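Structure first, then comments.
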Amino acid sequence: SFQYRFSFFFSLPRVFFWQPNAGSTVNSQILNEVSQCVESINGVKEGRWKATLTFYKPMLRDQALSAEFPREFIGISLPEQPNKYYFVLRFNKIVLESDSSIQLIMEKLQSYKSRVALNFEGFQYQLGDFQLRVGKVVPSHSENLRGIVMEVLYYYF
Numbered sequence: 002s003f004q005y006r007f008s009f010f011f012s013l014p015r016v017f018f019w020q021p022n023a024g025s026t027v028n029s030q031i032l033n034e035v036s037q038c039v040e041s042i043n044g045v046k047e048g049r050w051k052a053t054l055t056f057y058k059p060m061l062r063d064q065a066l067s068a069e070f071p072r073e074f075i076g077i078s079l080p081e082q083p084n085k086y087y088f089v090l091r092f093n094k095i096v097l098e099s100d101s102s103i104q105l106i107m108e109k110l111q112s113y114k115s116r117v118a119l120n121f122e123g124f125q126y127q128l129g130d131f132q133l134r135v136g137k138v139v140p141s142h143s144e145n146l147r148g149i150v151m152e153v154l155y156y157y158f
């Protein structure tokens with residue numbers, strides 16, 4: 002699926018999903034075409050970017066405690082904050098920020114297990130007042146393309 006995330010000023014990002022036409026599939030050729038389109042309208046390639054999103058589930062030894070722990074949550078590392086790690090507790094509607102070392106602590110405690118990890122990686126472009134990131138979505142231990150991501154940020158000067 003094709004995703005857009007728009008962040009204007011301090012507003013909340015929006016994510017929209019695009020599905021390819023019936024009978025067609027998302028492939029790396031589409032990603033190359035999107036990148037070529039950005040460059041054809043004078044987008045300046047600034048370099049590579051990568052973000053990782055991990056879905057966690059609890060590893061409860063005592064099922065009686067299940068009500069006290071989030072059923073699942075999402076962990077996110079972002080390229081613009083390399084020393085930070087973010088958690089999204091969807092059911093509680095809470096976003097937490099921590100030091101990136103929390104991942105090692107969680108691994109040692111073994112209270113939550115990584116269920117699925119996705120890497121978002123591609124190129125970053127400057128296009129006037131906009132920053133554009135275009136990349137592929139792949140599972141962390143595979144090169145199978147799962148989708149394409151496009152992030153558009155507006156910077157006013």
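For the sequence shown, my numbering assigns the number 2 to the initial residue and increments by one for each residue that follows. The beta-carbon is built from N, C-alpha and C at its ideal position, and this holds for glycine as well. These numbers were taken from a predicted model, which means no experiment stands behind them.
Open item on the list: Counting C-beta neighbours from all protein chains within 10 Å, is the total for Phe124 16 or more, i.e. buried, or is it exposed?
Closed with: buried
Task: DSSP beta-bridge partners of Asp100 - done: Lys85
- [ ] Can you tell me which of the three DSSP states His142 falls into?
- [x] coil
Task: Three or more C-beta pairs below 8 Å linking the segment 101-110 and the segment 85-93 - done: yes
Open item on the list: From the DSSP secondary-structure annotation, give me the bridge partner or partners of Lys109.
Closed with: Lys109 pairs with nothing; no bridge assigned.
Task: Sufficient close CB pairs (3 or more, under 8 Å) joining the segment 50-62 to the segment 72-82 - done: yes
Open item on the list: Buried or exposed for Asn120, going by 16 or more other Cβ atoms inside 10 Å?
Closed with: buried
Task: Three-way DSSP call (helix, strand, coil) for Asn120 in this model - done: strand
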